[in-house]
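Count the sequence shown with our numbering and you get residues 2 to 492, in order.
Beta carbons: idealized from backbone N, C-alpha and C, even for Gly.
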Amino acid sequence: MSTTTLSPHERATVDAAPHQLLIGGRWVDGGGGTLAVEDPSTGETIAEVADASPDDARAALDAAVAAGADWARTPPRERGEILRASFESVVARADELALLMTLEMGKPVSESKSEILYAAEFLRWFSEEAVRIDGRYAVNPSGGSRLLTMRQPVGPCLLITPWNFPLAMGTRKIGPAIAAGATMVVKPAKQTPLSMLALGKILQENGLPDGVLNIITAESAADVSGPLIADPRLRKLSFTGSTEVGRALMRQASDGLLRLSMELGGNAPFLVFEDADLDAAVEGAIVAKMRNGGEACTAANRFHVAAPVADAFAEKLAARLGAMKLGRGTEGGVELGPLIDATQRNKVAELVDDAVDRGARTLTGGHAPDGPGYFYEATVLAGVPSDSRLLSEEIFGPVAPVSSFETEEEAIQAANATEFGLVAYVYTRDITRALRVSEALETGMIGLNQGLVSNPAAPFGGVKQSGFGREGGPEGIDEYLETKYVAIKLD
Ligand code: NAP
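Listed below in structure tokens is the structure:
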């Protein structure tokens, strides 16, 4: 491993996390050797974790299959208690887990801590849902026979998660799978494996039986996911990541007719109407845009503002974003960390340059600072022409393009003019307009006068090219249950 600038405390935190694969309750080395984990604020390697081979992936599925029947029979209360105890552990260790997350992912420690607590809430929510799995008993409408329905775990699952929310995207799947009585193989993103490995250890320490949760980290995601998706014992694939990879996985999963949940990319519009509380809209915009440094599927990607207030909104937003402190996520007072890697930083720079070349005005930011790490300044662009690439592509960075609209119809049309349909934000004080616009928007979620929709008690998910399936809420556990119907002859 190369030398790093980690402090002794940071080094101890990284070293305390598991670095191996979790297969059948044992921590084991990977057949592929190791893969490097970088600190995106310095570009330095901070850890080497196991690189799983396709054989390791098969062994993980073997373990999930072997544990399946016993786990499905385990009393729901027991499954719930393991989740509840794990929730308590994650909360108790939130500071240490937040530092670990910041070191591998880059965002400020305060934001990592918010994610840890949000991630923990999925464990608590689904600990409560585990005991609410029910069925029904009905009289056949024509009399005589009876109709019994029961809900059973879907079977072994493959759960693939992205790097932007290294823990929460995992607990949103692992929580309901455990609650439902399903077993699983989890494959976190190679850039942020440490948070997931640390979670695996916590679940293990809280009594999760061997084989229920298996974790494989790998240099090549396709090499380990391919054999599992092709294996007839796998019953479900839940994926969070880009639309492009989601499509490819759907094609692979079609042979085995796998149950699928697809949480894919976004291109969220943020609409501000003339009657909105402008200061509240700016506060909401900061959350919707800057949470996770803009590296969120829910990030506001485009700001459509009513023409009479567009300049005022853009200027207020620029004043706030321009004052944000950029730096290493472990430093005090830092509000914006680095992007995940050079590719992402360069893509953000390219999208900004494209908009500026087409005539957009830079109100603040617009540069990648010199020095190590993958930083990009918080940026506000005004008067963004409609053919700018960043209005149709997911920016995944701290850039807010503002354009104006004249009418409500024009705003709705602009908002829906995308292949994506994850979330939209609407600011207005007119209740009839709020409902009319909410009904007209083609998205799975809407933030009405608020810039944050993520909530473990709510069904998170998209429509159109943002995917299908819902995570969280009472709906979240349905993704891991099959419905069986028994026709009963009585006479
Ligand atoms: P990504 O490149 O699609 O990767 C996501 C996961 O898929 C990672 O674990 C990755 O592994 C794996 N993967 C990549 N190529 C694969 C392949 N050919 N076969 C199997 N697995 C493969 O996405 P990302 O860049 O990490 O994440 C950003 C995207 O996720 C954005 O589009 C964002 O909108 C979306 N996202 C959506 C939601 C939602 O709930 N809708 C939430 C968060 C993020 P490696 O990293 O190891 O290559």
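The ligand NAP and residue i: does the residue's C-beta get closer than 8 Å to at least one heavy atom of that ligand?
i, result
"residue 250", "yes"
"residue 505", "The structure shown has nothing for residue 505, since the chain only spans 2 to 492."
"residue 54", "no"
"residue 192", "yes"
"residue 164", "yes"
"residue 170", "yes"
"residue 46", "no"
"residue 243", "yes"
"residue 189", "yes"
"residue 266", "yes"
"residue 423", "yes"
"residue 394", "no"
"residue 287", "no"
"residue 447", "no"
"residue 246", "yes"
"residue 158", "no"
"residue 463", "yes"
Give every residue of the same chain whose Cβ lies closer than 8 Å to the Cβ of residue i, excluding the five residues on either side of it in the sequence, and list them in chain order.
i, result
"residue 75", "182 and 210"
"residue 140", "147 and 148"
"residue 309", "275"
Starting from residue i, follow the beta strand (DSSP E) in both directions and report where the run begins and ends.
i, result
"residue 365", "362 to 365"
"residue 1", "The structure shown does not extend to residue 1, since the chain is modelled only from 2 through 492, so no value can be given for it."
"residue 471", "That residue, residue 471, is in no beta strand (DSSP E); it is neither H nor E in DSSP."
"residue 430", "Where residue 430 is concerned, there is no enclosing beta strand (DSSP E), given that its DSSP letter is neither H nor E."
"residue 150", "147 to 154"
"residue 409", "Where residue 409 is concerned, there is no enclosing beta strand (DSSP E), although the alpha helix (DSSP H) it sits in stretches over 409 to 417."
"residue 448", "446 to 449"
"residue 46", "45 to 51"
Pull up the distance between the alpha-carbon of residue i and that of residue j, whole angstroms please.
i, j, result
"residue 355", "residue 27", "50 Å"
"residue 307", "residue 453", "21 Å"
"residue 221", "residue 381", "36 Å"
"residue 185", "residue 233", "14 Å"
"residue 339", "residue 194", "18 Å"
"residue 324", "residue 369", "16 Å"
"residue 303", "residue 212", "44 Å"
"residue 343", "residue 71", "46 Å"
"residue 108", "residue 163", "15 Å"
"residue 269", "residue 401", "11 Å"
"residue 459", "residue 492", "44 Å"
"residue 206", "residue 282", "44 Å"
"residue 35", "residue 249", "26 Å"
"residue 389", "residue 351", "11 Å"
"residue 364", "residue 383", "7 Å"
"residue 280", "residue 262", "37 Å"
"residue 188", "residue 358", "40 Å"
"residue 349", "residue 393", "13 Å"
"residue 473", "residue 412", "30 Å"
"residue 86", "residue 314", "45 Å"
In the DSSP assignment, what residue or residues form a beta bridge with residue i?
i, result
"residue 404", "305"
"residue 239", "160 and 262"
"residue 31", "34"
"residue 185", "158 and 214"
"residue 137", "150"
"residue 24", "27"
"residue 486", "150"
"residue 422", "464"
Go through its chain and collect everything with a Cβ distance to residue i's Cβ below 6 Å, but skip five positions before and after it.
i, result
"residue 264", "241 and 468"
"residue 230", "253 and 254"
"residue 41", "107, 339, 341 and 375"
"residue 449", "427 and 435"
"residue 1", "This structure leaves residue 1 out entirely; the chain is present only between 2 and 492."
"residue 17", "none"
Residues in its own chain within less than 7 Å of residue i by CB, not counting five upstream and five downstream?
i, result
"residue 430", "276, 277 and 278"
"residue 443", "417, 422, 464 and 465"
"residue 488", "146 and 148"
What are the boundary residues of the alpha helix (DSSP H) that includes residue i?
i, result
"residue 202", "194 to 206"
"residue 347", "343 to 358"
"residue 119", "110 to 130"
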